[in-house]
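Notes follow once the structure below has been shown.
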Amino acid sequence: MKPIDFLQSTKVLQKPGTLSDSECGALPVWCDGKQCVSCWKPSIKERIKILFGGNVWLGVLSGKTQPPVFVAGKRVFGKTPLFARFRAFWIEVVEKLLHPDDELI
Numbered sequence: 002m003k004p005i006d007f008l009q010s011t012k013v014l015q016k017p018g019t020l021s022d023s024e025c026g027a028l029p030v031w032c033d034g035k036q037c038v039s040c041w042k043p044s045i046k047e048r049i050k051i052l053f054g055g056n057v058w059l060g061v062l063s064g065k066t067q068p069p070v071f072v073a074g075k076r077v078f079g080k081t082p083l084f085a086r087f088r089a090f091w092i093e094v095v096e097k098l099l100h101p102d103d104e105l106i
């Protein structure tokens, strides 16, 4: 499965410096300071395996502890209100104007 960006994402988590690009990549998330939610899209082959096998596996690259996690098969966000989308757009525009050389996160 590949992580995908989504409308509600608020930042992008970067890979740890100890991992290579082939081991780990950037992860778009929605974060409220208490939890981070990411969105993953299975390939066609993975969808077929899930359909007939019924299992989804979750791995956390930690090794010392298992933080609380969840996996959902349905959308976890309601539709973002128009005002919130409008506000987020203008915040992004202003940030880009103030810092044109910075990559938006």
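Numbering-wise (our numbering), the sequence shown opens with residue 2 and increments by one. Ideal Cβ positions, reconstructed from N, Cα and C, are used throughout, including at glycine.
Return the CA-CA distance between residue i and residue j, expressed in angstroms with no decimal places.
i: Leu52; j: Ser44; result: 12 Å
i: Val57; j: Thr66; result: 20 Å
i: Leu98; j: Phe84; result: 21 Å
i: Gly1; j: Val70; result: Since the first residue shown for the chain is 2 and the last is 106, residue 1 is missing from the structure and cannot be characterised.
i: Val95; j: Gln36; result: 27 Å
i: Arg86; j: Glu93; result: 11 Å
i: Asp102; j: Leu62; result: 32 Å
i: Ala89; j: Val13; result: 15 Å
i: Trp91; j: Lys75; result: 29 Å
Can you have a look at residue i and say buried or exposed, based on whether 16 or more other CB atoms are within 10 angstroms of its CB?
i: Pro68; result: exposed
i: Gln9; result: buried
Spatial neighbours of residue i within its chain, please: CB distance less than 6 Å, with the 5 preceding and 5 following residues excluded, ordered by chain position.
i: Thr11; result: Trp31 and Cys32
i: Asp6; result: Pro29
i: Pro4; result: Leu28, Ser39 and Trp41
i: Gly18; result: none
Assuming the contact rule is C-beta atoms closer than 8 Å, residue i and residue j should be a hit. Round their C-beta distance to whole Å, please.
i: Ala27; j: Lys42; result: Actually they are not in contact, since the Cβ atoms of Ala27 and Lys42 sit about 15 Å apart, beyond 8 Å.
i: Val38; j: Leu59; result: Not really, about 14 Å apart at Cβ, beyond 8 Å.
Keeping to the same chain, check which residues put their C-beta closer than 7 Å to that of residue i; ignore five residues upstream and five downstream.
i: Met2; result: Trp41, Lys42, Pro43 and Glu47
For residue i, I'd like the list of residues in its chain whose CB is within less than 8 Å of its CB, leaving aside the five on either flank, ordered along the chain.
i: Val77; result: Val38
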